[in-house]
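In our numbering, the protein residues as written are 1 to 224.
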Ligand code: DX5
Ligand code: ZN
């Protein structure tokens, strides 16, 4: 049976009460998803390194760092060294993906590689065997609360086919953007096993219950 993972993104959580917001999801979520934006790779800016380090150190669950920055070559390793469980960089942001993969691994974290909606799977296919997680963006990176791009599902399916041909332990297949109680099943059916969820959780009255409902859909399908 597939193991599924829910990774709450705190991008749109209440930033003035982050420890409390994190506590609301910590018992039910597998990983905390931390979106780092530099206002260059994407038109938005979030947590600086000191803030990120504090969140990584204080989080009660492992932290999944998603770097939306132009210079992962120099910066990715420091998030790994700061204690992130995984560090994901964007393929589009570097000319040396193999070097970034090695730097994250050398820092002691799992290695994730992300692709934006317009990036074809074929150009990253050669790297999939060398990473621990492939992130297929289901929105244009930059902001929470956007609509799920269901036209990314063929890309997820293709990635699932490639991953299933690899020996264990196989890389995880993550989706990020617009995941909710109404879209998670389509992403899972296409082959995703790791789900970033931002606004759908933090807008819910009780994010923990929303996570349990999502896992129920993942494990049993939608109840009629
Ligand atoms: C967007 C970020 C996402 C974002 C997801 O660029 O990478 O992680 O927080 O938020 P929702 O789930 O609201 O689309
Ligand atoms: Zn993200």
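Every residue, glycine too, gets a C-beta built ideally from N, C-alpha and C. It should be emphasised that the depicted structure is a prediction, and the values quoted were computed from it without experimental measurement.
Query, Result
"Quickly, what does DSSP pair residue 136 with across the bridge? List them, please.", "115, 175"
"Is residue 141 buried or exposed, if buried means 16 or more other CB atoms sit within 10 Å of its CB?", "buried"
"Whose CA, out of 3, 5, 22, 4, lies closest to the CA of residue 207?", "22"
"For the ligand ZN, which residues have a Cβ under 6 Å from at least one heavy atom, in chain order?", "9, 33, 35, 66, 176, 196"
"For a minimum of 4 consecutive residues, which ranges assigned as the alpha helix (DSSP H) are wholly contained in the stretch 73-132?", "97-106"
"Which of the three DSSP states, helix, strand or coil, is assigned to residue 224?", "Any reading at residue 224 is ruled out, since the residue's pLDDT is 39, under 50, leaving its predicted position unreliable."
"Residues in the same chain with beta-carbon distance under 6 Å from residue 79, minus the five sequence neighbours each way, listed in chain order, please.", "65, 87"
"With a CB to CB cut of under 6 Å and the five nearest residues on each side skipped, what residues in its chain are close to residue 90?", "114"
"Pull up the distance between the alpha-carbon of residue 168 and that of residue 193, whole angstroms please.", "15 Å"
"Based on the DSSP output, what are the partners of residue 65 in its beta bridges?", "34, 87"
"Do residue 28 and residue 211 have their CB atoms nearer than 8 Å?", "yes"
"Is it true that the stretch 35-49 meets the stretch 100-112, where meeting means three or more beta-carbon pairs spaced less than 8 Å apart?", "no"
"Under a three-way DSSP split, which group does residue 284 fall into?", "It is not possible to answer for residue 284, since the shown part of the chain is limited to 1 through 224."
"Here's the rule: buried if 16 or more other CB atoms are within 10 angstroms of the residue's CB, otherwise exposed. What is residue 40?", "exposed"
"Residue 133 and residue 112 - do their beta-carbons sit closer together than 8 Å?", "yes"
"Is residue 51 near the ligand DX5, in the sense that its beta carbon is under 7 Å from a heavy atom of that ligand?", "no"
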